[in-house]
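Q: Below is the structure I would like to discuss, written out as structure tokens.
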Amino acid sequence: MNQFILPYCPKYHQLKWKSEVIQSCLICFKSKKGSQYYCTECKQGVCNECIKPPLDGFYCGGNHRMQFMSNLPHHSCDLCGKSISQAYSCRACDFDICENCRQLDD
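First residue of the sequence shown: 1, per full-length UniProt numbering; consecutive thereafter.
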């Protein structure tokens with residue numbers, strides 16, 4: 001299984017990857033909808049722009065294997081926000097990243 005160190009909230013609770021969260025980010029204070037690291041105890045999260053999920057071996061932050069999807073109409077990259085029609089995708093988390101952002105992680 002893919003292993004990585006998860007970030008912590010200011011009260012040192014381990015953050016967990018959650019999908020479809022609408023929450024103000026602890027770092028940039030922007031309110032965003034989407035997958036992010038989230039503290040279930042504090043009910044606070046950090047957006048995926050401030051803490052990018054590791055993509056080691058093409059796994060999302062929720063530890064699901066990402067697959068390349070060649071037909072994604074009306075989608076945008078969850079890291080850079082650009083409109084995309086194909087991407088590496090985790091359907092469980094509704095998390096999509098474009099090829100440019102995936103290569104930046106290498």
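Idealized CB from N, CA, C, for every residue including glycine. All values reported here derive from a predicted model rather than from experimental measurement.
(1) Going by the beta-carbon positions, is the gap between C87 and G62 smaller than 8 Å?
(2) For E20 and D94, I'd like the C-alpha separation in whole angstroms.
(3) In angstroms, rounded to a whole number, what distance separates the CA positions of K18 and I27?
(4) Look at M66 and F58 and say whether their C-beta atoms are less than 8 Å apart.
(5) According to DSSP, which residues form a beta bridge with D29?
(6) Measuring alpha carbon to alpha carbon, tell me which residue in K16, Q44 and S35 is nearest F29.
(7) Quick one, are the C-beta atoms of L72 and S89 less than 8 Å apart?
(8) So, helix, strand or coil for Q86, using DSSP?
(9) Could you pull out every residue in the same chain whose Cβ sits closer than 7 Å to the Cβ of C101, ignoring the five residues on either side in sequence?
(10) Excluding the 5 residues flanking K82 on each side, which residues of the same chain have their C-beta closer than 7 Å to its C-beta?
A: According to the structure data:
(1) One point to set straight first is that residue 87 is Ala, not Cys, in the sequence displayed. No, Cβ-Cβ distance for A87 and G62 is not below 8 Å.
(2) 8 Å
(3) 17 Å
(4) yes
(5) Note that residue 29 corresponds to Phe in the displayed sequence, not to Asp. DSSP lists no partner for F29.
(6) Q44
(7) yes
(8) coil
(9) C77, L79 and C80
(10) S76 and C98
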